[in-house]
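Enquirer: In UniProt numbering, the protein residues as written are 1 to 228.
Next up is a structure, given as structure tokens.
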């Protein structure tokens, strides 16, 4: 490819078999680009560490259509095959990075919004982990967003958002039905993991509202048994 210069020709990763129909690739850290290259007018420019979403490998076997951020263009298929590795969980990666454009593209292509990665975590967990409120909101808008799903260590999205002090994410999760009473495998609730005073107050207020709601229901039931 004319115009391409790379340092450090050490490639120790190969393409893996995908677990879903979406092909998403990420550059390996063994590549060091001195600059972006452009061979064709419609070729996609990208740098080391960029996420590439490949959505057409059929039209031209030598040049695949891909997206990098908000840009779309062509990339040489032999480069992708030799110098990048395929992500098994692209939606989780988009959520972890806070990449809303890539997240929406994954959802549009049919990637499950509640799928689990090797840690047993959902995309919502990783969006909450990073404090990416825009991604959290997008995932919560999905049908059955599994807001209280626990991973292999028993943590929910609320656990990780509370422990990392992401107040706005905590508020959003609580409004969408996150249960602050769920313990992780160490027996700790989100409130016990929280260090940020605003987060602690938010969870305490949520619990108080929940208790008041239950009390109101019980009081209403006191009158339900009255006979005429």
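Every residue gets a Cβ at the ideal spot worked out from N, C-alpha and C, and that includes glycine.
What's the gap between the Cα of residue 178 and the Cα of residue 98?
Expert: Cα-Cα distance, rounded: 21 Å.
Enquirer: Starting from the Cα of residue 72, find the closest Cα among 200, 46, 107, 143 and give me that residue.
Expert: Checking every option, the nearest Cα to that of residue 72 belongs to 46.
Enquirer: From the DSSP output, in three-state form, read off residue 102 for me.
Expert: In the structure shown, residue 102 sits in a helix (DSSP, three-state: H, G or I).
Enquirer: Alpha carbons only, please: which of 154, 192, 110, 53 is nearest the one belonging to residue 102?
Expert: It is 53.
Enquirer: Can at least three beta-carbon pairs, one atom from the segment 100-116 and one from the segment 134-143, be found at a separation below 8 Å?
Expert: As far as the Cβ criterion goes, the segment 100-116 touches the segment 134-143, which means the pair count is three or higher.
Enquirer: Can the beta-carbon of residue 134 be found closer than 8 Å to that of residue 100?
Expert: Contact flag set, yes.
Enquirer: Just the Cα atoms here: how many angstroms apart are residue 91 and residue 137?
Expert: The straight-line gap from Cα to Cα measures roughly 14 Å.
Enquirer: Taking its Cβ as the centre, do 16 or more other Cβ atoms sit within 10 Å of residue 209, making it buried, or is it exposed?
Expert: Exposed, by the Cβ-count rule.
Enquirer: I need the DSSP call for residue 172, collapsed to helix, strand or coil.
Expert: Note: residue 172 maps to helix in three-state DSSP.
Enquirer: Based on the DSSP output, what are the partners of residue 229 in its beta bridges?
Expert: Given a span of 1 to 228 for the chain in the structure shown, any question on residue 229 remains unanswerable.
Enquirer: So what does DSSP say about residue 182, is it helix, strand or coil?
Expert: Looking at residue 182 - three-state DSSP - the assignment turns out to be coil, as it is neither helix nor strand.
Enquirer: If I'm right that residue 182 touches residue 191 with Cβ under 8 Å, what's the distance once you round it to whole angstroms?
Expert: At roughly 11 Å, the Cβ-Cβ gap does not stay under 8 Å, so residue 182 and residue 191 are not in contact.
Enquirer: Just how far apart, CA to CA, sit residue 57 and residue 65?
Expert: Rounded to whole angstroms, residue 57 to residue 65 spans 7 Å at the Cα level.
Enquirer: If you drop the 5 nearest sequence neighbours on each side, which residues of the same chain put their C-beta closer than 7 Å to that of residue 164?
Expert: Contacts found: 129, 131.
Enquirer: How about residue 147 and residue 167: do their beta carbons lie closer than 8 Å?
Expert: The answer is no: Cβ separation not under 8 Å.
Enquirer: Are residue 153 and residue 161 close, meaning C-beta to C-beta below 8 Å?
Expert: It is not a contact, given that the beta carbons lie outside the stated cut-off.
Enquirer: Assuming residue 140 is part of the alpha helix (DSSP H), what are its boundary residues?
Expert: Run containing residue 140: 133-140, per the alpha helix (DSSP H) assignment.
Enquirer: Please name the residue in 63, 50, 49 whose C-alpha comes closest to that of residue 41.
Expert: Among 63, 50, 49, the Cα nearest to that of residue 41 belongs to 63.
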